[in-house]
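Visitor:
Here you go:
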């Protein structure tokens with residue numbers, strides 16, 4: 001069995017990203033500096049090479065997690081992405097998670113619930129998509145929609161959504177006890193940056209498909225969303241499954257930061273390549289004669 | 001709406017790969033030159049740059065397929081990978097399919113069937129994993145296991161497996177009529193190359209997890225597998241879903257070839273970016289005021 005050489009955090013980071021990004025009691029959504037780059041002392045020009053290098057580290061760890069599942073390790077990682085429209089969830093999926101091997105990645109997207117989904121408890125559709133052993137799962141939106149858009153648009157009564165924070169904490173505790181490391185990422189852009197990004201979608205025919213007229217209506221509800229995000233962070237950032245708040249006006253920063261959060265989560269599992277469950281020397285002889 | 005500029009096939013290919021790789025009646029599995037590079041006039045040193053360039057083309061088309069599904073296009077692509085151990089299925093998943101966006105990729109792996117799966121018809125577990133609209137699905141092994149390993153190891157009676165070729169053709173016809181473009185890829189390595197690759201797995205502790213002592217036993221059954229592959233190719237290479245035979249002693253060739261087959265399949269759909277289903281100018285004004 002070989003030991004894993006753990007790469008050190010690149011010097012361009014002053015601290016492990018979670019130190020700066022973890023939501024802390026008292027933090028205010030209204031006060032998030034969405035164009036900041038907490039903990040990172042490099043610049044945009046450093047980003048492409050660094051992302052490539054750290055993506056390879058992520059991919060290596062992800063493969064190691066998968067390899068271990070073949071010999072019975074049931075652990076898995078779940079990345080939960082929440083954020084306003086244009087915050088860059090899609091970019092994280094494409095440029096961060098996309099560095100992994102499709103064999104070990106499980107992607108799930110939670111849009112408007114179907115009739116069948118609505119006929120069940122709000123966690124029913126979520127349960128069906130939790131990652132299986134050895135996988136890195138990604139939720140592109142998640143069960144948190146049920147305390148965000150649902151709360152803002154009064155889609156259920158306050159007596160209903162208000163119970164969901166505790167329900168979610170119980171659910172995530174159960175996943176954690178089952179061997180899931182949960183990495184929760186809340187992505188924030190400024191209203192100005194959002195306007196810029198929506199305008200770009202309207203300027204480029206290859207981006208029309210990403211534009212939804214409802215996005216403009218949602219902008220007008222930003223104060224209510226802020227309130228909903230604030231409650232979400234306060235009530236569901238737990239020791240087992242803390243929230244990270246990512247400033248996303250600079251896409252390159254958000255991608256670097258989430259890559260590091262995934263690497264931290266995977267390194268926390270102390271993975272190594274699984275030992276052979278066969279006699280290596282005997283197999284070499286058998287192979288030579290076959 | 002913008003027209004898609006279709007990249008031309010790179011000059012290093014003399015023909016579109018399917019011309020050389022499509023299985024033709026009379027072709028013999030025993031005669032496959034596994035170290036050949038049919039239709040490719042470049043060399044190994046050309047491969048990395050070319051794969052990168054063509055992977056981007058694949059990723060662009062894959063995203064376009066996904067984008068169209070959001071406005072109701074139900075088409076999808078299914079890549080079926082079959083091949084002996086070490087032929088390089090995993091490398092295709094990682095290095096070819098991995099260039100796509102996890103949002104639009106659906107990966108499924110078919111190993112030894114579970115008890116629940118065995119309690120159903122052999123296509124039951126397959127049906128559950130066929131790609132949904134807008135996606136590129138990948139089958140890492142597939143329903144063809146049921147006429148390969150199952151036939152070679154007499155896991156069901158000949159009266160049973162012998163009916164499956166027609167059943168599979170009917171099934172694939174149904175998928176095709178439902179808008180699925182099926183790309184079937186049979187991957188072959190020589191026994192010598194296989195021995196080399198298995199030996200490497202035994203030499204590298206980071207590869208032990210990919211080694212299975214049963215692989216050596218399967219080598220001894222190669223003549224029976226050849227016979228089973230021959231029957232599979234002859235009986236299930238149809239106009240709607242033809243087989244491609246990929247020589248895989250050179251991994252770089254196999255990856256380039258499968259990338260081109262996927263690009264061909266996607267280009268065959270004549271995709272373009274979907275038109276806006278909203279009034280672009282009106283939205284620009286609305287956004288400016290929001």
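Protein chains in written order, with full-length UniProt numbering: chain S, 1 to 290; chain D, 1 to 290.
Note that CB positions come from ideal geometry on N, CA and C, so glycine has one too.
On a predicted model such as this, the values are computed, not experimentally measured, just so you know.
Give the residues from the region 84–98 of chain S that approach chain B closer than 8 Å (Cβ to any Cβ), ordered along the chain.
Guide: This model lacks chain B altogether, as its protein chains are S and D.
Visitor: Tell me the start and end of each unbroken alpha helix (DSSP H) in the region 148–177 of chain S that is at least 4 residues and wholly inside, in chain order.
Guide: Whole alpha helix (DSSP H) segments, 4+ residues: 149–152, 158–161 and 164–177.
Visitor: Measure from the C-beta of residue 19/D to each C-beta in chain S and report whether the shortest distance is under 7 Å.
Guide: Walking along the second chain from the start, residue 19/D turns up at place 19. Judged by the 7 Å Cβ criterion, residue 19/D is not in contact with chain S.
Visitor: What residue range does the alpha helix (DSSP H) around residue 68/D cover?
Guide: Taking the second chain and counting its residues from 1, one reaches residue 68/D at position 68. Segment 47–70, the alpha helix (DSSP H) holding residue 68/D.
Visitor: Between residue 206/S and chain D, is the shortest Cβ-Cβ distance under 7 Å, so that the two count as touching?
Guide: Counting from one through the first chain, the residue named residue 206/S turns up at place 206. Answer yes: the Cβ-Cβ gap between residue 206/S and chain D drops below 7 Å somewhere.
Visitor: Where does residue 184/S fall in DSSP's three states?
Guide: Taking the first chain and counting its residues from 1, one reaches residue 184/S at position 184. Three-state DSSP puts residue 184/S in a strand.
Visitor: Can you list, in chain order, the residues of its chain with a C-beta nearer than 6 Å to that of residue 228/D? Leave out the 5 residues immediately preceding and following it.
Guide: Walking along the second chain from the start, residue 228/D turns up at place 228. These residues qualify, in order along the chain: 148, 151 and 152.
Visitor: Along the region 165–197 of chain D, where does the CB come closer than 8 Å to a CB of chain S? Name the residues.
Guide: Cβ contacts with chain S: 195.
Visitor: Here's the rule I'm using: 16 or more other beta-carbon atoms within 10 Å means buried, otherwise exposed. How should residue 25/D be labelled?
Guide: Along the second chain, one-based indexing puts residue 25/D at 25. Residue 25/D is exposed by the Cβ-count criterion.
Visitor: Per DSSP, which one or two residues make a beta bridge with residue 139/S?
Guide: On the first chain, residue 139/S is found 139 positions in, with the first residue counted as 1. Its beta-bridge partners are 80/S and 108/S.
Visitor: Applying the criterion that 16 or more other CB atoms from any shown protein chain within 10 Å of the CB defines a buried residue, is residue 89/S buried or exposed?
Guide: By one-based count along the first chain, residue 89/S stands at place 89. Result: buried.
Visitor: Would you identify the three-state DSSP class for residue 273/S, choosing helix, strand or coil?
Guide: In the first chain, residue 273/S corresponds to position 273, counting from 1. Coil, per DSSP.
Visitor: In angstroms, rounded to a whole number, what distance separates the CA positions of residue 98/S and residue 106/S?
Guide: Here residue 98/S corresponds to residue number 98 of the first chain, with the count starting at 1. Here residue 106/S corresponds to residue number 106 of the first chain, with the count starting at 1. Approximately 11 Å between the Cα atoms of the pair.
Visitor: Does DSSP put residue 199/D in a helix, a strand or coil?
Guide: For the purposes of this step, residue 199/D is taken as residue 199 along the second chain, with counting starting at 1. Here residue 199/D sits in helix by DSSP.
Visitor: For residue 135/D, which option in 180/D, 20/D, 184/D and 198/D has the closest C-alpha, if you only look at C-alpha atoms?
Guide: Mapped onto the second chain, residue 135/D falls at position 135. For residue 135/D, the nearest C-alpha among the options comes from 180/D.
Visitor: Decide yes or no for the touch test of the region 77–92 of chain S against the region 49–58 of chain S: beta carbon pairs closer than 8 Å, at least 3 of them.
Guide: The region 77–92 of chain S makes no contact with the region 49–58 of chain S: fewer than 3 CB pairs, one atom from each, lie closer than 8 Å.
Visitor: Report the neighbours of residue 280/S on chain D: residues whose CB is nearer than 7 Å to its CB, in chain order.
Guide: Stepping through the first chain from its first residue, residue 280/S is reached at position 280. 202, listed in chain order.
Visitor: Between which residues of its own chain and residue 141/S is the CB-CB distance below 6 Å, once the five residues before and five after are set aside?
Guide: Along the first chain, one-based indexing puts residue 141/S at 141. 110.
Visitor: Please identify the residue among 155/D, 212/D and 96/D whose C-alpha is closest to the C-alpha of residue 292/D.
Guide: This structure does not reach residue 292/D, given that chain D is present from 1 up to 290, and the question cannot be answered.
Visitor: In chain S, which residues lie less than 7 Å from residue 290/D when you measure between Cβ atoms?
Guide: Position 290 of the second chain holds residue 290/D. What residue 290/D touches in chain S: 216, 219 and 220.
Visitor: Could you tell me whether any Cβ in chain D is nearer than 7 Å to the Cβ of residue 67/S?
Guide: Counting from 1 along the first chain, the entry for residue 67/S is found at position 67. Output row for residue 67/S: interface = yes.
Visitor: Between the alpha carbons of residue 28/S and residue 234/S, how many angstroms are there, rounded?
Guide: For the purposes of this step, residue 28/S is identified with residue 28 of the first chain, where counting begins at 1. For the purposes of this step, residue 234/S is identified with residue 234 of the first chain, where counting begins at 1. Roughly 9 Å between the two C-alpha positions.
Visitor: With DSSP run on the structure shown, which of helix, strand or coil describes residue 10/D?
Guide: Against the second chain, residue 10/D aligns to sequence position 10. It is coil, neither helix nor strand.
Visitor: Looking at the strands, I want to know which residues DSSP matches up with residue 246/D.
Guide: As a first step, residue 246/D must be located in the second chain, where it is residue number 246. Answer by DSSP bridge pairing, in chain order: 187/D.
Visitor: What residues in its chain sit with their C-beta under 8 Å from that of residue 50/S, if we drop five residues either side in the sequence?
Guide: Position 50 of the first chain, counting from 1, holds the residue named residue 50/S. Cβ neighbours of residue 50/S beyond the five flanking positions: 10, 12, 42 and 256.
Visitor: Please state the DSSP three-state secondary structure of residue 238/D.
Guide: The sequence position of residue 238/D within the second chain is 238, counting from 1. DSSP places residue 238/D in coil when its eight states are reduced to three.
Visitor: State yes or no: is the beta carbon of residue 283/S nearer than 7 Å to at least one beta carbon in chain D?
Guide: On the first chain, residue 283/S is found 283 positions in, with the first residue counted as 1. Yes, residue 283/S counts as interfacial toward chain D.
Visitor: Answer yes or no: do residue 63/S and residue 101/S have a C-beta to C-beta separation smaller than 7 Å?
Guide: On the first chain, residue 63/S is found 63 positions in, with the first residue counted as 1. On the first chain, residue 101/S is found 101 positions in, with the first residue counted as 1. The answer is yes: Cβ separation under 7 Å.
Visitor: Give every residue of the same chain whose Cβ lies closer than 7 Å to the Cβ of residue 59/D, excluding the five residues on either side of it in the sequence, and list them in chain order.
Guide: Here residue 59/D refers to the residue found at position 59 of the second chain. Contacts found: 99, 100 and 101.
Visitor: Quick one: list the residues of chain D neighbouring residue 103/S, beta-carbon separation under 8 Å, in chain order.
Guide: Sequence index remark: in the first chain, residue 103/S carries index 103 (1-based). The answer, in chain order, is 90, 93, 94, 107, 109 and 140.
Visitor: Which chain S residues sit within Cβ distance under 8 Å of residue 286/D?
Guide: For the purposes of this step, residue 286/D is identified with residue 286 of the second chain, where counting begins at 1. By Cβ distance, chain S contributes 213 and 216.
Visitor: When the cut-off is 7 Å and only beta carbons count, does residue 38/S lie next to chain D?
Guide: Within the first chain, residue 38/S is the residue found at index 38, counting from 1. So, not an interface residue.
Visitor: So is residue 5/S in contact with chain D if we call contact Cβ pairs under 7 Å?
Guide: Numbered from 1 along the first chain, position 5 holds the residue referred to as residue 5/S. For residue 5/S, the predicted model reports a pLDDT of 43, less than 50, meaning its position is unreliable; a value from the coordinates is still stated below. False, the Cβ-Cβ gap to chain D never drops below 7 Å.
Visitor: Measuring alpha carbon to alpha carbon, tell me which residue in 118/S, 39/S, 285/S and 143/S is nearest residue 167/S.
Guide: Here the question's residue 167/S lines up with position 167 in the first chain. Considering only alpha carbons, the answer is 143/S.
Visitor: Excluding the 5 residues flanking residue 22/D on each side, which residues of the same chain have their C-beta closer than 7 Å to its C-beta?
Guide: Locating residue 22/D in the second chain gives position 22, counting from the first residue. So the list reads 242 and 244, once near-sequence residues are dropped.
Visitor: Report, in whole angstroms, the separation of the C-beta atoms of residue 287/D and residue 216/S, which I expect to be a contact under 8 Å.
Guide: Working through the second chain from its first residue, we reach residue 287/D at position 287. Working through the first chain from its first residue, we reach residue 216/S at position 216. That pair is a contact at about 5 Å.
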